[in-house]
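Q:
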Amino acid sequence: MPRKFLVVVDDSPELGAALAYASRRARSTGGHVVLLRALPGGSDEHWSGVRDEIRRQQREEAEGLLARLGEKVAETSGAPPVYLIEEGDPQAAIRKAVGDDPDIKILILAAGANGRGPGPLVSAVLKQGAALTGRKLPVTIVPGELTDDEILDLA
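Mapped onto the UniProt record's numbering, the consecutive letters of the sequence shown carry residue numbers 1 to 155.
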């Protein structure tokens, strides 16, 4: 099976750098990109009807976002991406995705650009190591301020 590169789709401005790098690496190695979107969970049972509607809307928005990003990923990588939507915090979603798919070989994250710091996921990886992913998994941290040309050169 071709190796898979996992990218967490969040709302950070650095997401573009992670997607571009993962897509280029997938193309150069014959791999695939896995796009993971984590949806926040809820637990207020007395609001179950409202909660269910919010979840439905969040899932619909996530599917649309992944489809839009997936078009560019497929164009750049040469293969359609795998889409995953998980409920819970991003770290739990990463653990689940990695645990469910042994073909995920590399987690790709982008660090904050313009001196904003590494971001919460990069910080968690540095602090927790393999505990974050549930197994030994290489992590590539892409500087968020890389240009497309620099990413092309590196990937």
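For every residue, glycine included, the Cβ atom is placed at its ideal position computed from N, Cα and C. No experiment lies behind these values; they were computed from the predicted model shown.
Can you check whether the C-beta of K105 is within less than 9 Å of a C-beta belonging to chain D?
A: Any reference to chain D falls outside this structure, which holds one protein chain only.
Q: What are the uninterrupted segments assigned as alpha helix (DSSP H) that are 4 or more residues long and contained completely in the UniProt domain "UspA" (1-107), given in chain order?
A: Those alpha helix (DSSP H) runs which fall completely within the UniProt domain "UspA" (1-107) and span 4+ residues are 15-29, 48-77, 90-100.
Q: Output the distance between the C-alpha atoms of R59 and G41, rounded to the nearest integer angstrom.
A: In a straight line, the C-alpha of R59 is about 12 Å away from that of G41.
Q: Considering only the alpha carbon of each residue, which of E145, R95, I151, S23 lies closest to L137?
A: It is R95.
Q: Which partner residues does V139 have in the DSSP bridge list?
A: Beta-bridge pairing links V139 to L107.
Q: Quick one, are the C-beta atoms of V73 and L19 less than 9 Å apart?
A: It is a contact, given that the beta carbons lie within the stated cut-off.
Q: Looking at K4 and L85, is the spacing between their C-beta atoms short of 9 Å?
A: Per the sequence shown, residue 85 should be read as Ile rather than Leu. Against a cut-off of 9 Å, the Cβ pair of K4 and I85 comes out as no contact.
Q: If you measure between the beta carbons of V33 and P81, is that distance less than 9 Å?
A: Cβ distance < 9 Å, so V33 and P81 count as in contact.
Q: I'd like the list of long-range same chain contacts for A124, defined as Cβ closer than 7 Å, with 5 residues on each side in sequence excluded.
A: Closer than 7 Å at Cβ, skipping near neighbours: Q91, L132.
Q: Rounding to the nearest angstrom, what Cα-Cα distance links V122 and E53 in this structure?
A: Going by the C-alpha atoms only, they are around 32 Å apart.
Q: Quick one: what does DSSP say P118 is sitting in, helix, strand or coil?
A: P118: coil per DSSP, three-state reduction.
Q: Taking only three categories from DSSP, how would you classify A113?
A: Three-state DSSP puts A113 in coil, outside helix and strand.
Q: Have a look at T140 and E87 and give me their C-alpha separation to the nearest angstrom.
A: C-alpha separation (whole angstroms): 24 Å.
Q: Just to confirm the assignment, what range does the alpha helix (DSSP H) spanning E150 have?
A: 148-154 is the extent of the alpha helix (DSSP H) around E150.
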